[in-house]
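*Asks:* Handing you this structure, nothing more for now.
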Amino acid sequence: AELAASAGEEFAAISRQERGLPVVGVVGEIYLRNNRFSNNHLIAKLEKLGVEIRLATFSEWPLYTSWTYRRDSWTDRRFKDWLKGHLQILIQERQEHQIFRAFASRYPIPHDEPVGSVLKRASEYMPREVKGEAILSVGKAIEMAQSGAAGIVNAMPFNCMPGTVVSSLSRKLSADLGQIPWLNISYEGLQDTAEDTRLEAFADQVRSFHRGPAGRRYESVDVLAHRE
């Protein structure tokens, strides 16, 4: 918590302009979306195109695994394990809230929804029994869109099964969320000369969606960031 408070003070000291940039939510495979070398500096490229990024946090995964452990323990009538999982969640959430409050008191940041709420949002598109990153990505994307994001990026390794599942749902998700621009982008470690052009097209859609009236139609963009 002390480190978070110190970091918050350093962030607050940075001069910034409130420009009302459109927000793009980034979901997908946890390691790839967080590692700039794996995603070919995706976030930096999008920011240079004039959008603000909200990245799904790494903490969603340990919280999710604790949540599924507790649920499965109850289903299997392992009540001691259920109690263990419940206590683990209480401790994790308490520590998360402490860190969040320490940072947010000095620099405003959005608070993540509880895992159960994220899964509830995704339950219309897939059952909770479908475990893994796919259901988290769907639920988090819905949360971000309903919180004001003007675009969603689903970043994944090439042929990643959870990412492919999310991609298959992206057209319906985009339509149900007011035709929000949606970008499915995969990486296999190679450079793609067309990637920048595709990102520019996506950013243009995001800006139009951000300015446009509710309900305006926008086509989602599918990007395969590898060499054909």
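Letter by letter, the sequence shown follows residues -14 to 213 in the numbering used here.
Beta carbons: idealized from backbone N, C-alpha and C, even for Gly.
Does the beta-carbon distance from LEU34 to ALA188 come in below 7 Å?
*Replies:* Yes. Within cutoff.
*Asks:* Does the distance from the C-beta atom of ALA(-11) to that of PHE88 stay below 7 Å?
*Replies:* Against a cut-off of 7 Å, the Cβ pair of PHE88 and ALA(-11) comes out as a contact.
*Asks:* Three or more beta-carbon pairs under 8 Å between the segment 12 to 21 and the segment 135 to 142, yes or no?
*Replies:* As far as the Cβ criterion goes, the segment 12 to 21 touches the segment 135 to 142, which means the pair count is three or higher.
*Asks:* For SER23 and PRO47, what's the separation of their Cα atoms in angstroms?
*Replies:* So the alpha carbons of these two residues sit roughly 21 Å apart.
*Asks:* At what residue ranges does the segment 161 to 191 contain a whole run of the beta strand (DSSP E), taking only runs of 3 or more?
*Replies:* The qualifying runs are 167 to 172.
*Asks:* Determine the contact status of SER44 and GLY70, defining contact as a CB-CB distance below 7 Å.
*Replies:* No, Cβ-Cβ distance for SER44 and GLY70 is not below 7 Å.
*Asks:* Tell me which residues share the same chain as GLN73 and place their Cβ nearer than 6 Å to its Cβ, disregarding the 5 neighbours each side in the sequence.
*Replies:* These residues qualify, in order along the chain: SER51.
*Asks:* If I follow the unbroken beta strand (DSSP E) through ALA62, where does it start and stop?
*Replies:* It should be noted that the sequence gives Arg, not Ala, for residue 62. Careful: ARG62 lies outside any beta strand (DSSP E) and carries neither H nor E.
*Asks:* Using DSSP bridges, identify the partner residues of ASN25.
*Replies:* DSSP lists no partner for ASN25.
*Asks:* On the criterion of 16 or more Cβ atoms from any shown chain inside 10 Å, does MET129 qualify as buried, or is it exposed?
*Replies:* With 16 or more other Cβ atoms within 10 Å, it is buried.
*Asks:* Taking the beta strand (DSSP E) that ARG39 falls in, what are its first and last residues?
*Replies:* 37 to 40 is the extent of the beta strand (DSSP E) around ARG39.
*Asks:* Quick check on GLY117: buried or exposed, where buried means 16 or more other Cβ atoms within 10 Å of its Cβ?
*Replies:* By the neighbour-count rule (16 or more Cβ atoms within 10 Å), GLY117 is not buried but exposed.
*Asks:* In terms of residue numbering, what span does the alpha helix (DSSP H) encompassing GLY(-7) cover?
*Replies:* Residues -13 to -3.
*Asks:* To the nearest angstrom, how far is the alpha carbon of TRP59 from that of THR53?
*Replies:* Looking at the two C-alpha atoms, the distance is approximately 10 Å.
*Asks:* So if DSSP puts GLY13 in a beta bridge, which residue, or which two residues, is it bridged to?
*Replies:* DSSP lists ALA140 as partners of GLY13.
*Asks:* VAL150 by DSSP, collapsed to three states: which one?
*Replies:* Helix.
*Asks:* Compare the beta carbon distance of VAL103 and GLY124 with 7 Å and say whether it is the shorter of the two.
*Replies:* Yes.
*Asks:* Using CA coordinates, which residue listed in GLU32, CYS145 and ILE(-1) is at the minimum distance from GLU173?
*Replies:* That would be CYS145, whose Cα lies nearest to the Cα of GLU173.
*Asks:* Buried or exposed for ASN20, going by 16 or more other Cβ atoms inside 10 Å?
*Replies:* ASN20 is exposed by the Cβ-count criterion.
*Asks:* Going by alpha carbons, who is nearest to THR182 out of LEU154, GLU(-13), LYS30 and THR42?
*Replies:* Among LEU154, GLU(-13), LYS30 and THR42, the Cα nearest to that of THR182 is on LYS30.
*Asks:* Go ahead and label PRO112 buried or exposed: buried means 16 or more other beta carbons lie within 10 angstroms of its beta carbon, across all protein chains shown.
*Replies:* PRO112 is exposed by the Cβ-count criterion.
*Asks:* Run through the DSSP bridge pairs and tell me what VAL8 is partnered with.
*Replies:* In DSSP, VAL8 forms a bridge with GLU37.
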